[in-house]
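What follows is a single structure, written as structure tokens, with notes after it.
Residue numbers (this note's numbering): -3 to 260.
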């Protein structure tokens, strides 16, 4: 972990040469990574401002989004599923969570952790979990997404961060799995990632209820690092005939090229 020299209480976590997480302890509303901003935008629109949002985070690292929600939606119940107990202990010691934050951390992986929740527990589930620089294969299958759907309340929001580049051989299959479970899906990425010029983050949002596509698209397009939002018929075209990932036919996300996400 290293300090962000531009701010005295900001830190960057790098694992296996990859920038994994950034947090500003003085201002948890300040989000450094563009994809985290896009996930936060989805959370912001998941309920009226300030309303509690029961949220499960698959993947914790420096707890950036849990801290953000604790600041923007106080008294929200939040559970973080983070199997790396050594990392969690380090964070608790050196970057402690705010008192009475409502954030609880369980030392389990995503599949096991989600399975432990009762039906209809969560208003939102956030999946941002990596093993090194790759998304584990078991977290993008129809079976796992079905269990997430079970845990979400009616109209709940599922937000996912994965990595790929156009033409999205991996992401198309992950989206196909997501659409096998959720009738409403949004795909978003930077234009250079869409065109295959850059390996980058792909943020997905899914729900059984209508999603605020137009509002998300306006916000994404106006961001310092704009994202393109794809939904509906345009997403049909993008995904084409991609086969959904299943537990019997799954894969990790691609290995990033050198110097991606701070590598090298």
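Don't be surprised by glycine CBs; every beta carbon is placed ideally from N, CA and C.
What does a CB cutoff of less than 7 Å around residue i pick up in its chain, not counting 5 residues either side in sequence?
i	result
residue 87	58, 59
residue 17	9, 57, 58, 60
residue 235	168, 171, 172
residue 240	138, 169, 172, 173, 176
residue 267	Outside the shown range of the chain, which is -3 to 260, sits residue 267, and nothing can be said about it.
residue 205	151, 180
residue 23	none
residue 149	116, 118, 119
residue 69	46, 47, 48, 49
Just reading off the alpha helix (DSSP H) that residue i is part of, what are its end residues?
i	result
residue 171	165 to 175
residue 98	Element bounds for residue 98: n/a, residue is neither H nor E.
residue 180	From DSSP, residue 180 is part of no alpha helix (DSSP H) but of the beta strand (DSSP E) over 180 to 185.
residue 218	209 to 218
residue 63	60 to 68
residue 248	Looking at the DSSP string, residue 248 is not in any alpha helix (DSSP H), and its letter there is neither H nor E.
residue 84	81 to 90
residue 232	228 to 235
residue 122	Residue 122 -> not in any alpha helix (DSSP H); beta strand (DSSP E) instead, spanning 118 to 123.
residue 142	138 to 147
residue 46	Segment: none, residue 46 is in no alpha helix (DSSP H) and carries neither H nor E.
residue 105	No alpha helix (DSSP H) holds residue 105; DSSP gives it neither H nor E.
So, at 6 Å on beta carbons, what are the nonlocal neighbours of residue i in its own chain, with the 5 sequence-adjacent residues on each side left out?
i	result
residue 247	133
residue 242	137, 138
Cβ-heavy atom distance between residue i and the ligand NAP below 8 Å?
i	result
residue 130	This structure lacks the ligand NAP; in fact it carries no ligand of any kind.
Taking the continuous beta strand (DSSP E) assigned at residue i, which residues delimit it?
i	result
residue 198	196 to 203
residue 221	Here residue 221 belongs to no beta strand (DSSP E), and DSSP marks it neither H nor E.
residue 74	74 to 77
residue 30	Premise fails: residue 30 lies in the alpha helix (DSSP H), 30 to 40, not in any beta strand (DSSP E).
residue 244	No beta strand (DSSP E) contains residue 244, which DSSP labels as neither H nor E.
residue 54	51 to 54
Assuming residue i contacts residue j under a Cβ cut-off of 8 Å, what Cβ separation, rounded to an integer in Å, is found between them?
i	j	result
residue 190	residue 162	5 Å
residue 289	residue 34	What the structure shows of the chain is the stretch from -3 to 260, and residue 289 is not part of that stretch, so it cannot be assessed.
residue 209	residue 230	So it is not a contact: roughly 10 Å between Cβ atoms.
residue 110	residue 62	Not a contact, Cβ separation roughly 16 Å.
residue 213	residue 225	4 Å
Since residue i sits in a beta bridge, which residues does DSSP pair it with?
i	result
residue 160	196
residue 9	17
residue 155	122, 201
residue 130	127
Spatial neighbours of residue i within its chain, please: CB distance less than 8 Å, with the 5 preceding and 5 following residues excluded, ordered by chain position.
i	result
residue 211	41
residue 127	248
residue 135	54, 106, 107, 123, 125
residue 178	141, 145, 154, 202, 203, 204
Segment contact, 8 Å Cβ cut-off, at least three pairs: the region 182 to 200 with the region 216 to 234: yes
Cβ pair count under 8 Å reaching 3, the region 66 to 82 against the region 99 to 108: Contact holds between the region 66 to 82 and the region 99 to 108, because three or more Cβ pairs, one in each stretch, are under 8 Å apart.
Touching by the beta-carbon criterion (3+ pairs, under 8 Å), the region 108 to 124 and the region 87 to 96: Flag = no, the region 108 to 124 and the region 87 to 96 do not touch.
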